[in-house]
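Enquirer:
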Amino acid sequence: MKWPLVSRPLSNADIPLYNRYYLHAPKSSHVDPVIVMGTEFEADALLAFLQQKNRAGGTILTTAHALIRATGLALAQYPDMNTRVVGRSVRRFRDISIRMGFFHRKNNEIDLLLVTSPDKKSIEDIATEVWRRLLEAARGNGGRDRDLARMRKVPAFWFRQMMRVYGFLDRHFHLPAVSRLDELRGGSAMVNDLSHAGMPPLRSYKPSRFADGSDSINLTLGPAETKLVMRDGAPAEVKVMPLFMRADHRLADAYQIGRFLGAVRETLQNPERLAITPAAQ
Numbered sequence: 001m002k003w004p005l006v007s008r009p010l011s012n013a014d015i016p017l018y019n020r021y022y023l024h025a026p027k028s029s030h031v032d033p034v035i036v037m038g039t040e041f042e043a044d045a046l047l048a049f050l051q052q053k054n055r056a057g058g059t060i061l062t063t064a065h066a067l068i069r070a071t072g073l074a075l076a077q078y079p080d081m082n083t084r085v086v087g088r089s090v091r092r093f094r095d096i097s098i099r100m101g102f103f104h105r106k107n108n109e110i111d112l113l114l115v116t117s118p119d120k121k122s123i124e125d126i127a128t129e130v131w132r133r134l135l136e137a138a139r140g141n142g143g144r145d146r147d148l149a150r151m152r153k154v155p156a157f158w159f160r161q162m163m164r165v166y167g168f169l170d171r172h173f174h175l176p177a178v179s180r181l182d183e184l185r186g187g188s189a190m191v192n193d194l195s196h197a198g199m200p201p202l203r204s205y206k207p208s209r210f211a212d213g214s215d216s217i218n219l220t221l222g223p224a225e226t227k228l229v230m231r232d233g234a235p236a237e238v239k240v241m242p243l244f245m246r247a248d249h250r251l252a253d254a255y256q257i258g259r260f261l262g263a264v265r266e267t268l269q270n271p272e273r274l275a276i277t278p279a280a281q
């Protein structure tokens with residue numbers, strides 16, 4: 001049994017006033033605390049970095065692994081973003097963990113996995129962990145897959161009652177993680193890599209919020225596009241990738257969100273930062 005959150009919530013002095021307006025707003029106000037922000041970055045350096053690493057052999061690296069690593073580094077840089085709402089209080093997570101969505105081919109549906117401490121792991125270690133989890137899912141022999149198989153057998157009525165009771169307790173009380181399915185509550189951030197072949201160019205994207213109070217931040221990477229820019233007075237072609245972030249105004253304002261998104265963007269645009277070993281940080 002693990003406690004993903006610190007025992008004491010943040011004090012009122014640690015929460016900006018306008019965040020508290022959203023945090024304590026009555027339900028009758030129909031307040032919407034969701035903030036969505038989008039940007040783009042020049043992806044030539046990142047794609048070249050991944051290509052060079054993959055040519056050298058070893059674990060295959062993808063943009064998803066880069067996004068996990070960049071998000072972990074940003075959460076380490078801005079720990080105030082590694083929080084969630086419990087009741088009418090804000091609590092910090094003890095560690096940095098990131099959920100990633102992936103397509104479960106065996107079950108033909110979307111599933112999630114959790115990468116722990118991505119700020120302390122190399123991008124190669126992150127890739128190895130993700131590929132291992134994907135292989136377990138493809139084979140269907142992981143403990144989580146057995147748990148999910150049991151969940152699928154629960155009748156709709158009882159599934160709804162379980163979600164209502166669990167959701168109420170999770171929203172209002174500081175709970176420990178007691179099962180494999182509970183591990184997804186261990187981090188505030190989720191990432192989606194939608195840069196795969198077949199995706200259309202993305203101009204905007206608002207991800208849905210998972211039915212869990214720990215889903216405070218979502219970062220989504222879109223497919224690369226060629227864009228014409230001016231360099232030294234001459235036109236040049238560069239590849240750009242869109243990056244979207246969904247956040248909660250009860251936890252962070254637009255300034256904090258922009259600063260965090262900028263940190264992720266800068267890391268992806270300067271991929272040599274991804275290769276810094278944990279010992280060198």
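Numbering-wise (the numbering used here), the sequence shown opens with residue 1 and increments by one.
Virtual Cβ for every residue (Gly too), placed ideally from N, Cα, C.
Among L134, R20 and G187, which has the Cα closest to the Cα of T282?
Expert: The question about residue 282 has no answer here: the residues shown for the chain are numbered 1 through 281.
Enquirer: Determine the DSSP secondary structure at N12, reduced to helix, strand or coil.
Expert: helix
Enquirer: Nearest to K2 by alpha carbon, out of A254, P235, H174 and D215?
Expert: Comparing C-alpha distances from K2 to each of A254, P235, H174 and D215 shows the shortest one belongs to H174.
Enquirer: With A137 as the anchor, note down where its alpha helix (DSSP H) starts and where it stops.
Expert: I123 to R139
Enquirer: I'd like the list of long-range same chain contacts for H76, defined as Cβ closer than 7 angstroms, with 5 residues on each side in sequence excluded.
Expert: What sits at residue 76 in the sequence shown is Ala, not His. So the list reads I96 and D119, once near-sequence residues are dropped.
Enquirer: Are the CB atoms of R94 and V238 within a distance shorter than 7 angstroms?
Expert: no
Enquirer: Quick one: what does DSSP say S29 is sitting in, helix, strand or coil?
Expert: helix
Enquirer: Quick one, are the C-beta atoms of R250 and N19 less than 7 angstroms apart?
Expert: Less than 7 angstroms divides the Cβ of R250 from the Cβ of N19.
Enquirer: Could you check if P235 is buried or exposed, using at least 16 other CB atoms within 10 Å of its CB as the buried criterion?
Expert: exposed
Enquirer: Could you tell me the distance, in whole angstroms, from the CA atom of D111 to the CA atom of G101?
Expert: 6 angstroms
Enquirer: Return the chain-ordered list of same chain residues with a C-beta closer than 6 angstroms to the C-beta of R144, the five sequence neighbours on each side being excluded.
Expert: R180
Enquirer: Taking the straight line between their C-alpha atoms, what separation do you get for T39 and M199?
Expert: 18 angstroms
Enquirer: Three Cβ pairs or more, each shorter than 8 angstroms: is that satisfied between the region 149-169 and the region 191-206?
Expert: With a cut-off of 8 angstroms on Cβ pairs, the region 149-169 is not in contact with the region 191-206, counting fewer than three such pairs.
Enquirer: Entirely within the region 24-104 and at least 3 residues each: give me those beta strand (DSSP E) ranges in chain order.
Expert: The region 24-104 contains these whole beta strand (DSSP E) runs: 34-42, 83-86, 89-92 and 97-104.
Enquirer: Taking L194 as part of the beta strand (DSSP E), name the residues at either end of that continuous run.
Expert: No beta strand (DSSP E) contains L194, which DSSP labels as neither H nor E.
Enquirer: Taking buried to mean at least 16 other C-beta atoms within 10 Å of its own C-beta, is G87 buried or exposed?
Expert: exposed
Enquirer: Assign A211 to one of three DSSP states: helix, strand, or coil.
Expert: coil
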